[in-house]
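One structure is given here, and the rest of the page talks about it.
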Amino acid sequence: MNTKLFTLLIASLTISVAHADPRSPHHLSSKESNIEAVSNLPLNEPQLSSLSVLVLDQDNGQALYQKNIDIQTPIASITKLMTAMVILDAHQPMDEDITISPQDVDYLRHSSSRLAVGTTLSRGELLHLALIASENRAAYALARNYPGGIRLFINAMNNKARALNMRHTTFEDPTGLSSNNRSTAEDLAKMVEAAAHYPQIRDITTTGSYEISRPAVVRVKHRHKKEWRHIVRRVEFHNTNRLVRNENWSIGLSKTGFINEAGHCLVMQAKIARKEVIIVLLDAGKYARVADAERIKTWLEHQAPTTVAFKLDGRFQRHPSSAYAKN
Numbered sequence: 005m006n007t008k009l010f011t012l013l014i015a016s017l018t019i020s021v022a023h024a025d026p027r028s029p030h031h032l033s034s035k036e037s038n039i040e041a042v043s044n045l046p047l048n049e050p051q052l053s054s055l056s057v058l059v060l061d062q063d064n065g066q067a068l069y070q071k072n073i074d075i076q077t078p079i080a081s082i083t084k085l086m087t088a089m090v091i092l093d094a095h096q097p098m099d100e101d102i103t104i105s106p107q108d109v110d111y112l113r114h115s116s117s118r119l120a121v122g123t124t125l126s127r128g129e130l131l132h133l134a135l136i137a138s139e140n141r142a143a144y145a146l147a148r149n150y151p152g153g154i155r156l157f158i159n160a161m162n163n164k165a166r167a168l169n170m171r172h173t174t175f176e177d178p179t180g181l182s183s184n185n186r187s188t189a190e191d192l193a194k195m196v197e198a199a200a201h202y203p204q205i206r207d208i209t210t211t212g213s214y215e216i217s218r219p220a221v222v223r224v225k226h227r228h229k230k231e232w233r234h235i236v237r238r239v240e241f242h243n244t245n246r247l248v249r250n251e252n253w254s255i256g257l258s259k260t261g262f263i264n265e266a267g268h269c270l271v272m273q274a275k276i277a278r279k280e281v282i283i284v285l286l287d288a289g290k291y292a293r294v295a296d297a298e299r300i301k302t303w304l305e306h307q308a309p310t311t312v313a314f315k316l317d318g319r320f321q322r323h324p325s326s327a328y329a330k331n
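Anchor point for the sequence shown: position 320 equals 324 in the numbering used here, and the numbering is continuous, going up by one each time.
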C-alpha cells in the first residue's frame, strides 16, 4: 500500500475513534463534563434512611447535606425545645414548686410517666425532665403554669415560631403528643439554632442522666407486725439520646422525639471535624436516627478539605468548601 495513503488512513481512524469515545472530552456536553469531573471526586455520600435530613454549617448557614427539607411532618417531642424557649423567655422563678395534676396526664396516647399525680417538683427540675427524659407530664405542667395558662402558652409557641421565620410550623400542644405539631427540617434547623443561644437548654439537653428526690411510703414487715415508713427515694432519668454519653461525640444541644405519625426524630447541634453543625433527622426507624447521625459524622470527618460538589436540580457545580451537599 502507498505509504502516504496508509498514513492518511490511520489518522482518519484515530480521529473517528476519538469522537466516538464517550470518555473523550470532545464528545461530552458541558453538563456531562461537570458530571464526569464530580464523579472523580470521593463523593461517597451517606445513605440515610430518615425521610427528611438537613445538615447545616452553623457558621455560615451553608447546607452540607439536604433531603426532603420542605416536607411538613409531625415532630413529636422535638416540640419540647420550643416549650423550653417559651418557658425561659417568661423568666419565671426556676425554684418555684409545681405539682403534677390530673390535667397533665396523657389521655390521648396513654403514654407512661414516672411522675405520679401529686408529685411536686421545682420548675427547674421539671424543665430538666422535659428535655432530658422527654417527660410529657413535666412539659404539660410547665405550660399549664405559664402566665395566662395553657392557651396563652400555645399562642406564645406559635408566635415564637413566626418570629424565627419558621413559616411551615404549627404547634397545638407543648409535649409533641399531638400529631398536629408539624414542621419541616428546614424550620427545625432554625429552631435548633435559636435554642442553642439558651445556655440552660444546651446544658440540660447534653446531660446524660438526672436524679430527683421524691417522697415515698414503704411497708416494712416485722416478725409480729407491719408498719409504714416515709422515705425519700432517688429516681434517675436518662437522656433519650444515647449519643450524649458517647465520648466520640461533641454535642452542644440535643433532642429526640417519637410518636407513630412522626417516626423517630433527632435534632442536634454538634462539633464534627472542627466544624459546628446542626443536624435534623425526621421520620426514621427505631435505631435509624442514631445510625444516620453516625453516618453523617463519619462522612463529614472524611471530606476533602478543599473541594465540594453540590447536586442542584440534577446538575453538579463545583464550589470551594469542605463538604458535599445533596438535594
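Just so you know, even glycine gets a beta-carbon here, dropped at the ideal spot from N, CA and C.
Residues V224 of the same chain have their beta carbon placed closer than 7 Å to that of E231, with the five preceding and five following residues left out of the count. Bridge pairing for S126: D101 [DSSP]. Take the alpha-carbon of A134 and the one of L257: they are about 14 Å apart. Assignment of beta-bridge partners to Y69 by DSSP yields V59. Taking 3 residues as the shortest admissible run, the segment 123 to 194 contains the following complete beta strand (DSSP E) segments, listed from N- to C-terminal end: 124 to 126. In the same chain as Q204, and ignoring 5 residues on each side of it, the C-beta atoms closer than 8 Å to its own belong to A88, L92, L131, in chain order. In chain order, S117, L119, L133 place their CB closer than 7 Å to the CB of E139, counting only its own chain and leaving out the 5 sequence neighbours on each side.
The three-state reading of DSSP puts A292 in helix, counting H, G and I together. Residue nearest to E280 within the set P50, E100, N64, R155 is N64 (criterion: CA-CA distance). Taking a cut-off of 8 Å on C-beta distances, the segment 269 to 287 touches the segment 55 to 69, as three or more cross pairs fall below it.
In the DSSP assignment, I208 falls outside any beta strand (DSSP E) and lies within the alpha helix (DSSP H) extending over 203 to 209. Take the alpha-carbon of S53 and the one of H268: they are about 11 Å apart. Taking a 10 Å sphere around the C-beta of N243, we find 16 or more other C-beta atoms and assign the residue as buried. Excluding sequence positions up to five before and after R171, its CB lies within less than 8 Å of the CB of D191, all in the same chain and listed in chain order. Annotated three-state conformation of P78 is strand, per DSSP. The continuous beta strand (DSSP E) containing V271 extends over residues 267 to 276. Ranked by how close their Cα comes to the Cα of S183, the residues T302, S81, L304, K301 have S81 in first place.
For a cut-off of 8 Å, the C-beta gap from L181 to R293 is around 19 Å, too long to register as a contact. DSSP places K84 in the uninterrupted alpha helix (DSSP H) bounded by 83 to 93. As DSSP reads the structure, K259 sits in a beta bridge with V271. As the crow flies, the alpha-carbon of I282 is around 34 Å from that of Y111. If you draw a straight line from the Cα of P178 to the Cα of V90, it comes to about 10 Å. Pairing S126 with I208, the inter-Cα distance amounts to about 15 Å.
Under the 10 Å beta carbon count, A147 is surrounded by 16 or more other beta carbons and is classified as buried. Note that the C-beta distance between A277 and I255 is not below 9 Å.
With a contact defined as Cβ atoms closer than 8 Å, E215 and E240 qualify at about 5 Å. Contact annotation, N250 with T260: C-beta distance approximately 14 Å; criterion of less than 8 Å not satisfied.
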